[in-house]
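Numbering (full-length UniProt numbering), first residue to last: 1 to 233.
Structural data, given as structure tokens:
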């Protein structure tokens, strides 16, 4: 189905990009900024998720927050959003979105990748997500789009034909963007920084080519990682 590019940029529409940000990298953030451009949103809020205590993440919550703050200092379109870290455990996206809605009347657009969309029915109270936000799905326009039947049936009821709907209504729709996804992950970057690999080269058609995972990090973030010896094996 066709979707027209947004013709407006609304300061009262809040784009939320959640993630571990362990570390935050240009692939994840760059894709979100491109998707935000496509749907006419100026700023993207970087929201670190709360990690389960039993998971070995290598760095503290304090370090993850500081790296996000450094990314925001380098780009005035980025803003840290730390609300999930303040909420009681266990952490669920729908509960975080509910807390965001209680905090502000701004329209919320929650950004996810197509891979997350395909598994959405495994999320806690997933069918309630659109009570609090619009979902903006980042995918390549040349990518085969074939969600599971349950997700497709749900999409048939909620996908917006006109992406400007997110500027007119506070919640309730799914927008599919044509966003180049960058083939790099925080895990791969951590492996390189830890010395588990010597180089990484992205192979996605629209990805930046890099001979080192360090190329995917902001200089200030890399300096911070080196200063605190993060991810070293």
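No residue lacks a Cβ here, since even glycine has one placed at the ideal position from N, Cα and C.
Every value quoted in this text rests on a predicted model; they were computed, and no experiment measured them.
With a threshold of 16 other CB atoms inside 10 Å of the CB of residue i, please say whether the residue is buried or exposed.
{"i": "residue 114", "result": "buried"}
{"i": "residue 12", "result": "exposed"}
{"i": "residue 88", "result": "exposed"}
{"i": "residue 127", "result": "exposed"}
{"i": "residue 96", "result": "buried"}
{"i": "residue 15", "result": "buried"}
{"i": "residue 86", "result": "exposed"}
Helix, strand or coil for residue i? Go by DSSP, reduced to three states.
{"i": "residue 49", "result": "coil"}
{"i": "residue 2", "result": "Bear in mind that the predicted position of residue 2 carries a pLDDT of just 38, short of 50, making it unreliable; the figure below should be weighed with that in mind. If DSSP states are grouped into helix, strand and coil, residue 2 belongs with coil."}
{"i": "residue 25", "result": "coil"}
{"i": "residue 224", "result": "helix"}
{"i": "residue 32", "result": "helix"}
{"i": "residue 179", "result": "coil"}
{"i": "residue 12", "result": "coil"}
{"i": "residue 133", "result": "coil"}
With a Cβ-Cβ cutoff of 8 angstroms, do residue i and residue j count as a contact?
{"i": "residue 131", "j": "residue 171", "result": "yes"}
{"i": "residue 58", "j": "residue 231", "result": "yes"}
{"i": "residue 35", "j": "residue 179", "result": "yes"}
{"i": "residue 100", "j": "residue 112", "result": "no"}
{"i": "residue 137", "j": "residue 27", "result": "no"}
{"i": "residue 102", "j": "residue 48", "result": "no"}
{"i": "residue 182", "j": "residue 30", "result": "yes"}
{"i": "residue 33", "j": "residue 77", "result": "yes"}
{"i": "residue 94", "j": "residue 125", "result": "yes"}
{"i": "residue 175", "j": "residue 134", "result": "yes"}
Since residue i contacts residue j with CB under 8 angstroms, what's their CB separation in whole angstroms?
{"i": "residue 51", "j": "residue 80", "result": "About 17 angstroms separates the two Cβ atoms, so there is no contact after all."}
Check: Between the segment 23-32 and the segment 145-153, are three or more C-beta pairs nearer than 8 angstroms?
Finding: No: fewer than three Cβ pairs fall under 8 angstroms.
Item checked: Sufficient close CB pairs (3 or more, under 8 angstroms) joining the segment 213-223 to the segment 61-79 -> yes
Next item on the list: Answer yes if the segment 34-43 comes into contact with the segment 162-176, meaning at least three C-beta pairs across the two stretches below 8 angstroms, and no otherwise.
Entry: Yes, since at least three Cβ pairs between the segment 162-176 and the segment 34-43 fall closer than 8 angstroms, the two stretches touch.
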